[in-house]
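According to my numbering, the sequence shown is numbered sequentially starting from 1186.
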Amino acid sequence: MSHDDDDFFGAQPSGLDSGVMNLTRFLRGEIKLFVPRYQRPYSWTEEHVSKLIQDFMRAWERGGALYFIGEIVLVRKGPDEWHLADGQQRLTTLTMFLAYLRDRLAEHGDRFQRMIVIREGRPRLRLRPADEAFFHFHVQTPDRFAGLAQLDETSTDSQGCMSVAAEVITNALAGLPRDKLLELARFACGKVLFNVTKAEDPSGAALVFGTINDRGQPISKADLMKSALLDRARMSEEEKDRAAQLWEELEDRLGREAFAQLLELTPAIFHGNHDLLAPGDLGAFTQSLEDREAVESFLTDWLPRHGQALIDIREEAVSGPYAFEINRRIHCLKLLIEQTWLPMAVSFLANHGKDHEKTRAFFRGVDLIAYATMFAAVLPHSRDARWKRVIEADGDPKKLFDEHNGVFALTPQERDRLAQRLGAPFKGDRSAEAEKRKLILIRINACLPGGEVLIRGMDLTVEHILPAKGGPDWNDKFTPEERSVYAHLIGNWTLIPLAQNQRCGNRGFAHKRKIYYEEGAPVYAVTRMFERVQEWTKLAIDARTSEMQAALYRDWGLIPPSR
């Protein structure tokens, strides 16, 4: 192409260089690789590691000339020093693979060790500070790799992943004779190729960073936000190190999944808007933080406070004089399929959690609105508007708790719908309806005197005391039309273990009572409610329906409707 063509089309962009290399060429000389603080920790699973090793072995066994395994993106840190912007998972795993070869093929150990370290005391790959010493001890130091595969406990999730990876590598290669292992090693180091992209600055790496995945391990929105925030922060290197350390500590406490959840909730917490969860919107969010010069406070103050709030919610560990009640409500909220309440609950707890009275009232209100939505008394768009108003209220008691106009106040129409729904039959045999019935009983059980906080995964089955299909002992007491109504009222349900439910079948009430109360199985509060009832009639079902409805209303601070 002529200079004239360069003038017409534009010259080759500077600051980016890309080339195909094998492992030996890449890991030679003085090149030193750093995993930046903003990068995610090592997280490859057994499946990821096994696939990489098995791919090597299959390519080698079939006599393949070359095998390409993907991309590595580097950003210059200094002379011969590079930040590993992408490819950390793959390269960390390959370094462990080399460590296995080094320790097992001792006569060639120095060759492999030169790829792992530049020289003694100068490791070629340096992981994040939380894992650096661990990786150096178990992987980059000769004769210690076997111990990594045998660790029972580790300090962080990422170290646990490394131990699993070491075990996978060891198990996959242990059966190879030494001569065959050496052949595989030569193939892996000489014939396995990467495309290595080197960028002189982060903006160049960003051109490729956002579109590359680590072998089935997609870059999350949390990773992108983390990278952007620390890169843009107007802080000294020392301050960035401290912020990144706080970030890492919080990430380790929460675990990777929960930490990503916190960051992905962040735009909704700031704006009360659940539509801000696309990667592009996260970019706009980080830009808005920068425009407000709030990046530093976000990293050093906002993130730790809200992270602790999320921990307290996930672990049901809110403290204070009303801890049991609040954590009971949180447990019940977490049972719901839709978790739209979570962002503003994290926000409220982070900012107002020390006000125990207000926090108690807040979670009672959230509990009411979330469950009223499940009962179709509050419509979803009204619920979502309320959550946004919580963010805007910023803890103002009048805006939150005013009995007429507060966020948690039901309109007359919503009150009518709630009363009607709780007093009407719940029909449907679909699995979703069955789960809803169980959830309703778990929620009612939690607010009864002496009621247990039950877990959905327990051995719990919804028992229709009056069988929906009737039976010999029931058909003379309920007509088919009456049964189609009364069998599906909440007052006709209870919670018992599956084995009891199967024994109950369509037996009469006297027989069922013995199964409920005399077989030594757990008797929950919803079942204790009718322990003194001797006959199961329409009047008994109506009375228990009203009692259950009243229990929910009292728990939500509402006046039970008159029947």
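For every residue, glycine included, the Cβ atom is placed at its ideal position computed from N, Cα and C.
Being a predicted model, the structure only gives us computed values, none of them experimental.
- Within the same chain, Gln1734 and Pro1746 come within 8 angstroms of Ala1604 by CB-CB distance, once the 5 residues on both sides are set aside.
- In terms of Cβ geometry, Leu1367 and Leu1358 do not form a close pair [threshold 8 angstroms].
- By the Cβ neighbour-count rule, Val1205 is exposed, with fewer than 16 other Cβ atoms within 10 Å of its own.
- Here the region 1201-1216 does not lie against the region 1329-1337, with fewer than 3 beta-carbon pairs under 8 angstroms apart.
- Note that the C-beta distance between His1516 and Val1647 is not below 8 angstroms.
- Residue pairing by DSSP leaves Ile1576 without any beta bridge partner.
- About 4 angstroms separates the beta carbon of Asn1691 from that of Pro1652, a gap short enough to meet the 8 angstroms contact definition.
- With fewer than 16 other beta carbons inside 10 angstroms of its own, Lys1583 counts as exposed.
- Three or more beta-carbon pairs drawn from the region 1677-1695 and the region 1653-1661 are found closer than 8 angstroms, and the two stretches are therefore classed as touching.
- Between Phe1379 and Gly1255, the CB-CB gap stays under 8 angstroms.
- Here DSSP, grouped into helix, strand and coil, assigns Ile1254 to strand.
- Straight across, the Cα-Cα distance linking Pro1707 with Pro1682 is about 8 angstroms.
- A contact is defined here as three or more CB-CB pairs under 8 angstroms, and the region 1615-1632 meets this definition with respect to the region 1673-1682.
- Distance from the CA atom of Ser1532 to the CA atom of His1566, rounded to whole angstroms, is 20 angstroms.
- For Asn1207, there is no enclosing alpha helix (DSSP H); the enclosing beta strand (DSSP E) has its first and last residue at Leu1201 to Asn1207.
- Taking 8 angstroms as the cut-off, the beta carbon of Asp1497 is found closer than this to the beta carbon of Leu1534.
- DSSP, read as helix, strand or coil, puts Leu1651 in coil.
- About 7 angstroms separates the beta carbons of Pro1226 and Thr1341, which is inside the 8 angstroms limit, making them a contact pair.
- DSSP places Arg1304 in the uninterrupted beta strand (DSSP E) bounded by Val1302 to Arg1304.
- In this structure, Asp1581 is the residue among Glu1500, Asp1581, His1673 and Asp1295 with its C-alpha nearest to the C-alpha of Asn1536.
- Shown here for Glu1436: same chain residues with a beta carbon closer than 6 angstroms to its own, the five before and five after excluded, namely Phe1444 in chain order.
- Residue pairing by DSSP places Trp1678 opposite His1649 in a beta bridge.
- According to DSSP, residue pairing for Gly1742 in a beta bridge does not occur.
- For the region 1259-1322, the continuous alpha helix (DSSP H) assignments of 4+ residues that do not extend past its boundaries occur at 1273-1289 and 1294-1301, in sequence order.
- Following the DSSP letters along the chain, one finds Thr1382 in no alpha helix (DSSP H) but inside the beta strand (DSSP E) bounded by residues Val1377 to Ala1384.
- Ser1235 is not a Cβ neighbour of Cys1346, given a cutoff of 8 angstroms.
- With contacts defined by Cβ atoms closer than 8 angstroms, Arg1311 and Glu1433 do not form a contacting pair.
- In this structure, Arg1309 is the residue among Met1643, Arg1309 and Leu1518 with its C-alpha nearest to the C-alpha of Leu1269.
- Segment contact: the region 1240-1257 against the region 1287-1306, fewer than three CB-CB distances shorter than 8 angstroms; contact not assigned.
- In this model, Gln1719 and Arg1713 are separated by some 13 angstroms (Cα to Cα).
- Taking C-alpha positions only, His1541 is separated from Trp1487 by approximately 21 angstroms.
- Taking C-beta atoms under 8 angstroms as the contact rule, Asn1207 and Cys1374 qualify, at a distance of about 7 angstroms.
- Just so you know, the alpha carbons of Ala1557 and Phe1319 end up roughly 50 angstroms apart.
- Partner residues in the beta bridge of Phe1219, as assigned by DSSP, are His1268 and Arg1311.
- Here Lys1662 has no same chain residue with a Cβ atom under 6 angstroms from its own Cβ, once five neighbours each way along the sequence are excluded.
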